[in-house]
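> Numbering of the sequence shown is given in the working numbering, commencing with residue 16 and proceeding in unit increments.
Following this message is one structure expressed as structure tokens.
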Amino acid sequence: MMSGDGLLEFPCDFPIKVMGKDSRRFRRSSLAIIEEHVGALTTEDVSERQSKDGNFVALTYNLTIETREQLDNIYSALSGHEDILVVL
16 MMSGDGLLEF
26 PCDFPIKVMG
36 KDSRRFRRSS
46 LAIIEEHVGA
56 LTTEDVSERQ
66 SKDGNFVALT
76 YNLTIETREQ
86 LDNIYSALSG
96 HEDILVVL
């Protein structure tokens, strides 16, 4: 069943980018939150980009989102975590 919500039609492929300090803890925390909401990911579902000085990293999770509620819950959980500085 497809449901529309503004500009998005669900289910849909949706990239979520998170940024934080370049640390193992940041990577583990953000991945755990994502997988709690969408299930296990593969290495192909995640890309990363280092900041120019190497202190920060941006991780992009390419997800299949089923509902607007699921998307909102993911953003809320990521935004509320102390290791995550930015969620886009």
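From the three backbone atoms N, C-alpha and C, an ideal C-beta is built for every residue, glycine too.
Exposed or buried, what is serine 38 when buried is set at 16 or more other beta-carbons lying within 10 Å of its beta-carbon?
As a working mapping, residue 38 is identified with position 23 in the sequence shown. Per the 10 Å Cβ criterion, exposed.
> Less than 8 angstroms between the CB atoms is what I'm expecting for proline 30 and tyrosine 76, so what's the real figure, rounded?
Translated into the one-based positions of the sequence shown, residue 30 becomes position 15. Translated into the one-based positions of the sequence shown, residue 76 becomes position 61. Between proline 30 and tyrosine 76 the beta-carbon gap is near 7 angstroms, inside 8 angstroms, which marks them as a contact.
> Need the endpoints of the alpha helix (DSSP H) that leucine 93 sits in, please.
If you number the sequence shown from 1, residue 93 lands on position 78. From DSSP, the alpha helix (DSSP H) with leucine 93 extends over 83-94.
> Anyone know if the C-beta pair for leucine 93 and valine 53 falls short of 7 angstroms?
Residue mapping note: residue 93 aligns to position 78 of the sequence shown, counting from 1. Residue mapping note: residue 53 aligns to position 38 of the sequence shown, counting from 1. Not a contact, by the Cβ cut-off of 7 angstroms.
> Rounded to the nearest angstrom, how far is the Cβ of valine 106 from that of glutamate 63, given a contact under 8 angstroms?
Because the chain is modelled from 16 through 103, residue 106 falls outside the range shown and cannot be assessed.
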